[in-house]
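Trainee: Have a look at this one.
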Amino acid sequence: MTDHAVDSSRLYDEFVKGIWKENPVFVQVLGMCPMLAVTNSAVNALAMGLATAFVLIGSSVLVSLFRRLIPRQVRISTYIIIIATFVTVADFTLEAVVPTVHRELGAFISLIVVNCLILGRQEAFASRNPIHVALADAVGMAIGFAFALFCLGATREILGSGSLFGVSLFGENFEPWVIMVLPPGGFLMLGFILLFFNWVQQRRTLRPSRVSPATREAA
Amino acid sequence: MNDLLWIFVSAMVINNFTLYYFLGLCPFFGVSGQLKTAFRLGLATIFVMLITSLCASFLNAFVLPHAPYLKLIAFIVVIASTVQFVEMLIRKLSPTLFRALGIFLPLITTNCAILFLALTQTSRDYSLVQGVSFALGAGSGFTLALVLMAGLRQEASLASVPEIVKGTALNMIIAGLLSLAFMGFAGLFSAV
């Protein structure tokens, strides 16, 4: 009984940490390439988040299932091939279901293969943990990643084109801040969001002279 | 000839892989701490891109027409083995550089710029020579961005910056400004 309780509380911990405390984007700064490239609108960001979640969860489960069978020397290649398989599935699915979004995301769906977040989770977590823990971790990380993508995408779309999910928010008089949907806006916006995170963290630790060394380490 | 030059310049500055397409950001932020290391990682990346581009041309000509669904897996295997080769080469030739690059050397495999290069080359139907020009342009563009970023970061490390901004947030904002500057190259060829 106690065993069970401990187990489920651990599952909960592994699940929750990806969403906030170890958020892959804001805290670990992983998987930035797809994240900045596709977040010029909320829809694209959400589609990318879902596709990445599918790949991450699928490959974590598979890697965790086969973790005793994969030889150490070729583990990275094995992970990459497992990931590439799931990405191919996601790619074809998106192309069939939502062709417009697929066209807009372009090569970035294929580039999920080289998202360091996914490979990082396989190497650091899924290959060392039983399947249910790996699943909890993957789902948490996937939600954290999708949440971050959505934040960035929504903010950039609101500022850059004055709309959200393509619905105009401010009426005709709004002058869109075009730079926000262009490449520099991605960097600047993420910079500001990270700044905000640093600020929250600094207030939490109540030690103004040291801003979360872990964040800087991860960078 | 003009065509090749156009591909080169376009990949290098106008549609710079790092600052326009957001590719290869992990090494872009990870290795840009020191000018010298940044430059050498850039050279290694150019080399890997060149080989990948050549291999991708052959794959496109002979293998992929028969099995299009293997595209991703085939490219990634080519890239991974090239990187492995470069790693052995650098370890042999310059152990100091090998140590300085550390984890970022094997991570060239997961540099999305390289996979993107192979995929774009395929979707644009470049010939072998055009592909080489594209790879050289993209690699030089990546190196250029990396070196510029390293220079700026070295300067920024001497400036007095509020503690809260230091680290990734500052790097992001610097990259944003750099990207803004590169946007000035847009339309460079519209007159031609």
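Protein sequences, first through last, are from chains A and B. When we follow the working numbering, the leftmost residue of the first sequence carries the number 5, and every step to the right adds one. When we follow the working numbering, the leftmost residue of the second sequence carries the number 447, and every step to the right adds one. Beta carbons are placed, not taken as given, at the ideal position from N, Cα and C, and that holds for glycine.
Could you check whether residue 461 of chain B and residue 591 of chain B sit closer than 7 Å to each other, using their CB atoms as the reference points?
Mentor: What you label residue 591 of chain B is simply residue 145 of the second sequence in a count that begins at 1. What you label residue 461 of chain B is simply residue 15 of the second sequence in a count that begins at 1. Cβ distance not < 7 Å, so residue 591 of chain B and residue 461 of chain B don't count as in contact.
Trainee: Closer than 6 Å by C-beta to residue 469 of chain B: which residues in its own chain qualify, once you throw out the five before and the five after it? Chain order, please.
Mentor: Here residue 469 of chain B refers to the residue found at position 23 of the second sequence. Take residue 469 of chain B, set aside five residues on each side of it, and the residues of its chain with a beta-carbon closer than 6 Å to its own are 463, 558, 559 and 562, in chain order.
Trainee: Going along the region 609 to 620 of chain B in order, which residues come within less than 9 Å of chain A, judged by CB to CB distance?
Mentor: The region 609 to 620 of chain B vs chain A, Cβ under 9 Å: 609, 610, 611, 612, 613, 614, 615, 616, 617, 618, 619 and 620.
Trainee: Contact between the region 150 to 161 of chain A and the region 25 to 45 of chain A: three or more CB pairs below 8 Å?
Mentor: yes
Trainee: Leaving aside the five residues before and after residue 148 of chain A along the sequence, list all residues of the same chain whose C-beta is less than 6 Å from its C-beta, in chain order.
Mentor: For the purposes of this step, residue 148 of chain A is taken as the residue at position 144 of the first sequence. Cβ within range, chain order: 22, 23, 27 and 28.
Trainee: Identify, in the order they occur along the chain, each residue of the same chain with its Cβ nearer than 6 Å to the Cβ of residue 121 of chain A, setting aside the five sequence neighbours on each side.
Mentor: By one-based count along the first sequence, residue 121 of chain A stands at place 117. Excluding positions up to five away in sequence, the list reads 28, 34 and 35.
Trainee: State the Cα-Cα distance for the pair residue 143 of chain A and residue 57 of chain A, rounded to the nearest angstrom.
Mentor: Locating residue 143 of chain A in the first sequence gives position 139, counting from the first residue. Locating residue 57 of chain A in the first sequence gives position 53, counting from the first residue. Rounded to whole angstroms, residue 143 of chain A to residue 57 of chain A spans 7 Å at the Cα level.
Trainee: Using C-beta distances below 8 Å, list every residue in its chain close to residue 88 of chain A, excluding the 5 sequence neighbours before and after it, in chain order.
Mentor: Reading the first sequence from its first residue, position 84 is the one you call residue 88 of chain A. The residues are 117.
Trainee: Short check: CB of residue 498 of chain B to CB of residue 525 of chain B, under 7 Å?
Mentor: Here residue 498 of chain B refers to the residue found at position 52 when the second sequence is read from its first residue. Here residue 525 of chain B refers to the residue found at position 79 when the second sequence is read from its first residue. Cβ distance < 7 Å, so residue 498 of chain B and residue 525 of chain B count as in contact.
Trainee: Quick check on DSSP: helix, strand or coil for residue 171 of chain A?
Mentor: Within the first sequence, residue 171 of chain A is the residue found at index 167, counting from 1. Here residue 171 of chain A sits in strand by DSSP.
Trainee: According to the Cβ coordinates, are residue 198 of chain A and residue 615 of chain B closer than 7 Å?
Mentor: Translated into positions along the first sequence, residue 198 of chain A becomes position 194. Translated into positions along the second sequence, residue 615 of chain B becomes position 169. Yes. Within cutoff.
Trainee: Whose CA, out of B/567, B/536, B/609 and B/523, lies closest to the CA of residue 491 of chain B?
Mentor: For the purposes of this step, residue 491 of chain B is taken as residue 45 along the second sequence, with counting starting at 1. Comparing Cα positions, the closest option is B/536.
Trainee: What separation, rounded to the nearest whole angstrom, lies between the Cα atoms of residue 186 of chain A and residue 547 of chain B?
Mentor: Looking up residue 186 of chain A in the first sequence gives position 182. Looking up residue 547 of chain B in the second sequence gives position 101. The C-alpha of residue 547 of chain B is placed about 32 Å away from the C-alpha of residue 186 of chain A.
Trainee: Would you call the CB atoms of residue 495 of chain B and residue 587 of chain B closer than 7 Å?
Mentor: In the second sequence, counting from the first residue as 1, residue 495 of chain B sits at position 49. In the second sequence, counting from the first residue as 1, residue 587 of chain B sits at position 141. It is not a contact, given that the beta carbons lie outside the stated cut-off.
Trainee: Among B/538, B/516, B/556 and B/529, whose alpha-carbon lies nearest the alpha-carbon of residue 96 of chain A?
Mentor: Position 92 of the first sequence, counted from the start, is the residue given in the question as residue 96 of chain A. Comparing Cα-Cα distances from residue 96 of chain A to each of B/538, B/516, B/556 and B/529, the minimum goes to B/516.
Trainee: Could you spell out the range, first to last residue, of the alpha helix (DSSP H) harbouring residue 161 of chain A?
Mentor: For the purposes of this step, residue 161 of chain A is taken as the residue at position 157 of the first sequence. Per DSSP, the unbroken alpha helix (DSSP H) holding residue 161 of chain A starts and ends at 135 to 165.
Trainee: Closest by CA to residue 52 of chain A, which one among A/113, A/76, A/188 and A/141?
Mentor: Along the first sequence, one-based indexing puts residue 52 of chain A at 48. Of the candidates A/113, A/76, A/188 and A/141, the one whose C-alpha sits nearest the C-alpha of residue 52 of chain A is A/113.
Trainee: Take every Cβ of the region 168 to 180 of chain A, pair it with every Cβ of the region 591 to 608 of chain B, and state whether three or more of those distances are shorter than 8 Å.
Mentor: no
Trainee: Provide the residue span of the alpha helix (DSSP H) that contains residue 448 of chain B, from first to last.
Mentor: By 1-based counting over the second sequence, the position of residue 448 of chain B is 2. Residues 448 to 455.
Trainee: Can you give the beta carbon distance from residue 63 of chain A to residue 126 of chain A, rounded, assuming they're within the 8 Å contact cut?
Mentor: The residue you call residue 63 of chain A lines up with position 59 of the first sequence. The residue you call residue 126 of chain A lines up with position 122 of the first sequence. Contact flag correct, Cβ pair sits at about 6 Å.
Trainee: Suppose you measure from the CA of residue 540 of chain B to the CA of residue 180 of chain A; what does that come to, to the nearest Å?
Mentor: Position 94 of the second sequence, counted from the start, is the residue given in the question as residue 540 of chain B. Position 176 of the first sequence, counted from the start, is the residue given in the question as residue 180 of chain A. Distance between the alpha carbons of residue 540 of chain B and residue 180 of chain A is about 51 Å.
Trainee: Just the C-alpha distance for residue 214 of chain A and residue 609 of chain B, rounded to the nearest angstrom, thanks.
Mentor: Position 210 of the first sequence, counted from the start, is the residue given in the question as residue 214 of chain A. Position 163 of the second sequence, counted from the start, is the residue given in the question as residue 609 of chain B. With a pLDDT of only 49 at residue 214 of chain A, under 50, the local geometry of the prediction cannot be trusted, and the value read off the model is given with reservation. Using only the alpha carbons, I get a separation of about 8 Å.
Trainee: Rounded to whole angstroms, what is the Cα-Cα separation between residue 552 of chain B and residue 178 of chain A?
Mentor: The residue labelled residue 552 of chain B in the question sits at position 106 within the second sequence. The residue labelled residue 178 of chain A in the question sits at position 174 within the first sequence. Cα-Cα distance, rounded: 48 Å.
Trainee: Measuring alpha carbon to alpha carbon, tell me which residue in A/202, A/203 and A/48 is nearest residue 151 of chain A.
Mentor: For the purposes of this step, residue 151 of chain A is taken as the residue at position 147 of the first sequence. Each of A/202, A/203 and A/48 was checked against the Cα of residue 151 of chain A, and the nearest Cα belongs to A/48.
Trainee: Please state whether DSSP places residue 33 of chain A in a helix, a strand or coil.
Mentor: Your numbering for residue 33 of chain A matches position 29 in the first sequence. Coil, per DSSP.
Trainee: Measure the Cβ-Cβ separation of residue 652 of chain B and residue 503 of chain B and say whether it is below 7 Å.
Mentor: The structure shown has nothing for residue 652 of chain B, since chain B only spans 447 to 638.
Trainee: Run through the region 33 to 111 of chain A for me and flag every whole alpha helix (DSSP H) of 4 or more residues, listed as ranges in chain order.
Mentor: 36 to 42, 46 to 69, 79 to 101 and 103 to 109
Trainee: Helix, strand or coil: which one does DSSP assign to residue 569 of chain B?
Mentor: Here residue 569 of chain B is taken as the residue at index 123 of the second sequence, counted from 1. In this structure, DSSP gives residue 569 of chain B a helical state, which the three-state scheme calls helix.
Trainee: Residues in the region 110 to 140 of chain A with C-beta within 7 Å of chain B's C-beta atoms, listed in sequence order?
Mentor: 111, 114, 115, 117, 118, 120 and 123
Trainee: Touching or not, the region 96 to 110 of chain A and the region 63 to 81 of chain A, by the rule of three or more beta carbon pairs under 8 Å?
Mentor: no
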